[in-house]
Structures are given as structure tokens and as C-alpha cells.
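> To start, I am sharing the structure in question, which I have written as C-alpha cells.
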């Protein structure tokens, strides 16, 4: 008599997926009651998040994950989607005072035809998106946030690729861990879905550029870096790393010439639409000079160690900070060059962490979100090498606290000593500690550091 198969294996296959399905039902329920646009907008938004969840599984399938690992990823993705759905209705001052007004300008002035006008202080590629959503009968708030959420998934994919390339196991536990943690990293969740910012755009492209560099696709790597720079000036914090890759012969000088070509392609549509070349090329100079009335803007930088209200000579200190950041970049490049014979994945990530932490720490005029690259790079490093977990924790603590200062309009950990007040000194000390630990890792000479 044939043996009747047990139903247990089917139950074991279904069970890991059920909690994720329930969480996705929660996404639809939450979106059905969104404040703007009525039920139809809510359902469309919910379906977009469900589609995002499904698409985010594709890189994992391509990397070779299946079974329980894929079920775990689905559960985390569903949780990530629910967290983002709960944030969608929040309106910040940045959205109210800037993003919403830019979107309205495009809607009232012909969409893409308005790109030639001097609107906003973002570079051309993000303006293409703002012009595109002006044609949609859909709330700008949700469209802007969904665009950033899309790149949250691409960011996690970049972490998956980078750890997989460094470890040599694209389907191992470490790449999957980086992927899942990046989806749930507090500053990543808050940046796009709560704040409405777009740092995941350039952050995702930078992680993919790093992965492509380590996978020996130098032209792709430099092109991705250029597109990242076309979205956000803050990409410049890590651009020196590609100079280091040239010095250690990981890429050739001719590969670096892809950067201006790719950047030109990214901004060419704006030029064809009538935007003056001076406006395109000068947008980052405009940004750099726009916020020069204070040394720091709620960022955990070196200048947060100055007591609140103390009168200092801002211009000399600002120049000193810029020179210090430049000197740090030169030091990292010099170290990589003189130790190029032992260049490894460990040095690659250590150098990236030093730059992502050190440059915004030393520069003046930094804002809360400018440690976004440090957040994601140190997390990837900690997943790849667990000895770096303290660096990632210190970075995330400082960065998240600085987010809260803006989002809550209240300092998180002010210090009152000797009749003085330091509003963000503890956060700045956390970044300083993370930077020193990263420098120590870069300078280590022991053979067990090579991986």
C-alpha cells in the first residue's frame, strides 16, 4: 500500500510566509486611511508598496537565495513596507517650505518645460522626477516618498552586492544580513518615508559603484558614481576613494574619464530643455554658499564641540575645517598608495569608512543627513567584519540623534557644564570615536587584517 505523504512539509513551507502576508495586509489597511487623496490614492499607494516588496525579492533570487532564507527576507521586507506605510502622512518643514513648492511650480508652469527655470537648489536629475510627477493626479507628498522608498530597496541591493563581492559568496549569510539590516536601518527608514528626503538615491548608487569596482567593472563603477554625484553633492565625501582605487591599480586613469562623460549625459536633458549651462554647473556652488551663516546645522561634526552661543571667528575656522578634510583625503590616498601591495577588501572598506565619517565631520556647514553614507558604509563593514560593529553602532547613534533634533525640533542629548551648553557634543564625540576606530583599522599592519 503506498505511503500517504505527510502534510507537514507543506505546512513548513507555508508558515514562514504567513506572517509576511499578514504584515502586507497591514500595509494595505494603513494605506487605505491615508490623509490625502481619498481611498483610491490609498489603495494605489498600498499596491505600490506591495509591488516594491515583490521587486525587492528579485535580487535575492538572482543571487541564489531560496527556501527559508527567501521567506525570512520576505518577512523583513513586509515589515519594512509596513514601517514606511506608517510614515507616509508625516509632513516636515522641508516638504512644506521647499519640496511641495517646487512640485507646485512644475505643475503650474508646464512640467518639463519648467526645468529651464531657476527652481529649487537640487541638480537636474532630481528635477526630472519633480517635473514627471507634476503630470500625475496624485499627491506630491506620497509620490516623493515612494520614489525615495524605491531607492531604499536599491540601496539594500547595493549592500547585498558589495558584501557578496568582498566575501566571495553572493548567496552567503553575510550579504543577506546586510540587505535586511539596510532595509531596517532607522536613518534609512526615516530619511525617505518620514522626512521625504532622497539620500537613498545617491547612497544606493555609491554602494553599487563600490560593488562594481570590487567586481572589476571599473567603467560601470565610475559611471554609477557620476550619476550619484549628479543627484547629490554629498557623493563628494567618497569620490576620493576612486582616486585610491586608481593608485592601487584597481582601475586605470582612462576609466576615471567616464565620470565627466556620465555626468554630462545625466544633465544633458536639462540643457536640451533650455536650462542655462551656468545654472547646471553652478548648482553645487550655490548650495555650498547657501548655508554659510553658521558653522554647523544640527550635524554631529567637529564644530558641534563648540559651546552654544560662544562667539568664534567663523571664517578662519571654516577654512581650517576645509583644509583638515582635504588633508584627511590626501592622507588616505597616500596610505593606500604606499601600502598598495597589501590592498584588500578590509582596506577598501576601512578607507571608505574613514572618508564617509571624517570628511563631513571636519567640514563646516554640515546638516543632519550628511552622514548618510557613513551610516550605510559602516553597517556594510560591520556585517562583513563583526569587529567593526562598535563603529556602526556609534555612527548610527549619532546620526539618528541628529535626525531627531530636526524631526522633533528638540536637542536629544544636550550637555550643561561649567556654565556652558553643548547641544550636540555627545553625538559629535560618537562620530569622533567611530572615526578614530576606523583610522585604527586602516592603519593596522597585522596579516589577519587581510581578507
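Residue numbers (our numbering): -16 to 434.
All residues carry an ideal CB built from backbone N, CA and C; glycine is no exception.
Under DSSP, the beta strand (DSSP E) around residue 84 begins and ends at which residues?
Run containing residue 84: none in the beta strand (DSSP E); it sits in the alpha helix (DSSP H), 83 to 91.
> So the alpha helix (DSSP H) residue 346 belongs to, where does it begin and stop?
Run containing residue 346: none; DSSP gives neither H nor E here.
> Could you tell me whether the stretch 416 to 424 touches the stretch 368 to 378, where touching means 3 or more Cβ pairs closer than 8 Å?
yes
> With residue 366 and residue 196 assumed to form a contact (beta carbons below 8 Å), what rounded beta-carbon distance in angstroms separates them?
Rounded, the Cβ-Cβ distance is 18 Å, inconsistent with contact.
> When the Cα atoms are used, what is the spatial distance from residue 289 to residue 168?
Rounded to whole angstroms, the gap between the alpha carbons of residue 289 and residue 168 is 29 Å.
> For residue 200, does the three-state DSSP call read helix, strand or coil?
If DSSP states are grouped into helix, strand and coil, residue 200 belongs with coil.
> Would residue 12 be called buried (16 or more neighbouring beta carbons within 10 Å of its own) or exposed?
exposed
> Going by beta carbon distance, what residues of the same chain come within less than 7 Å of residue -12, once the five residues before and after it are set aside?
Because residue -12 sits at a pLDDT of 47, beneath the cut-off of 50, its placement in the model cannot be relied upon, and the following sentence gives the value as read from the coordinates. Once the five neighbours on either side are set aside, residue -12 has no close Cβ partner at all.
> Specify the secondary structure class of residue 399 as computed by DSSP and reduced to three states.
strand
> Please report the straight-line C-alpha distance between residue -9 and residue 50, rounded to a whole angstrom.
At residue -9, the pLDDT of 46 sits below 50, so the modelled position is not reliable and the matter cannot be decided from this model.
> What residues in its chain sit with their C-beta under 8 Å from that of residue 337, if we drop five residues either side in the sequence?
311, 315, 418, 421, 422, 425
> Contact between the stretch 126 to 144 and the stretch 71 to 88: three or more CB pairs below 8 Å?
In the pairwise beta carbon analysis, the stretch 126 to 144 is classified as touching the stretch 71 to 88: at least three pairs are separated by under 8 Å.
> What first and last residue would you give for the alpha helix (DSSP H) that runs through residue 452?
Here the chain covers residues -16 to 434 and nothing more, so residue 452 does not appear.
> Hey, residue 252 and residue 111: beta-carbon distance below 8 Å or not?
yes
> On the DSSP letters alone, give me the boundaries of the alpha helix (DSSP H) that residue 315 sits inside.
297 to 321
> According to the Cβ coordinates, are residue 29 and residue 14 closer than 8 Å?
yes
> Whole alpha helix (DSSP H) runs in the stretch 350 to 390 with 4 or more residues, listed along the chain?
355 to 367
> Could you tell me if residue 232 is buried or exposed, where buried requires 16 or more neighbouring beta carbons within 10 angstroms of its beta carbon?
exposed
> Would you call residue -14 buried or exposed, if buried means 16 or more other Cβ atoms sit within 10 Å of its Cβ?
Residue confidence for residue -14 is low, a pLDDT of 49 falling below 50, so the modelled location carries little weight; the figure read from the coordinates is stated next. Residue -14 is exposed by the Cβ-count criterion.
> Specify whether the stretch 91 to 102 and the stretch 145 to 154 touch according to this definition: at least 3 beta carbon pairs, one from each stretch, less than 8 Å apart.
no
> Provide the residue span of the alpha helix (DSSP H) that contains residue 258, from first to last.
Residue 258 -> no alpha helix (DSSP H), and no H or E assigned at all.
> Verify whether the separation of the beta carbon atoms of residue 344 and residue 414 is less than 8 Å.
yes
> Just list the residues that DSSP pairs residue 0 with in beta bridges.
According to DSSP, which records beta bridges pairwise, residue 0 is partnered with nothing at all.
> For residue -6, collect the residues of the same chain with a Cβ closer than 8 Å to its Cβ; drop the 5 residues on either side in sequence, then sort them by chain order.
With a pLDDT of 48 at residue -6, under the threshold of 50, the predicted position of this residue should be treated as unreliable, and no value is reported.
> To the nearest angstrom, how far is the alpha carbon of residue 427 from that of residue 250?
42 Å
> Applying the 10 Å Cβ sphere with the 16-neighbour rule, what's the burial state of residue 391?
Exposed, because fewer than 16 other Cβ atoms sit within 10 Å of the Cβ of residue 391.
> According to DSSP, is residue 266 helix, strand or coil?
Looking at residue 266 - three-state DSSP - the assignment turns out to be helix.
> Considering only residues of the same chain and omitting the five flanking positions on each side of residue 339, which have a CB-CB separation below 8 Å?
220, 221, 354, 356, 357, 360, 361
> For residue 342 versus residue 287, is the C-beta spacing smaller than 8 Å?
no
> Determine, using beta carbons only, whether residue 398 and residue 349 come nearer to each other than 8 Å.
no
> What does DSSP give as the partner residue(s) for residue 405 in the beta ladder?
BP columns for residue 405 point to 398.
> Assuming residue 39 and residue 136 are in contact, meaning their beta carbons sit under 8 Å apart, how far apart are those beta carbons, in whole angstroms?
For a cut-off of 8 Å, the C-beta gap from residue 39 to residue 136 is around 4 Å, short enough to register as a contact.
> For a test of the three-state rule: what should DSSP assign to residue 231, helix, strand or coil?
coil
> Can you name the start and end residues of the alpha helix (DSSP H) that residue 238 belongs to?
Counting along the chain, the alpha helix (DSSP H) containing residue 238 begins and ends at 236 to 239.
> Measuring straight from C-alpha to C-alpha, what distance separates residue 430 and residue 180?
Residue confidence for residue 430 is low, a pLDDT of 43 falling below 50, so the modelled location carries little weight and cannot support an answer.
> With H, G and I counted as helix, E and B as strand and the rest as coil, what does DSSP make of residue 24?
Helix at residue 24.
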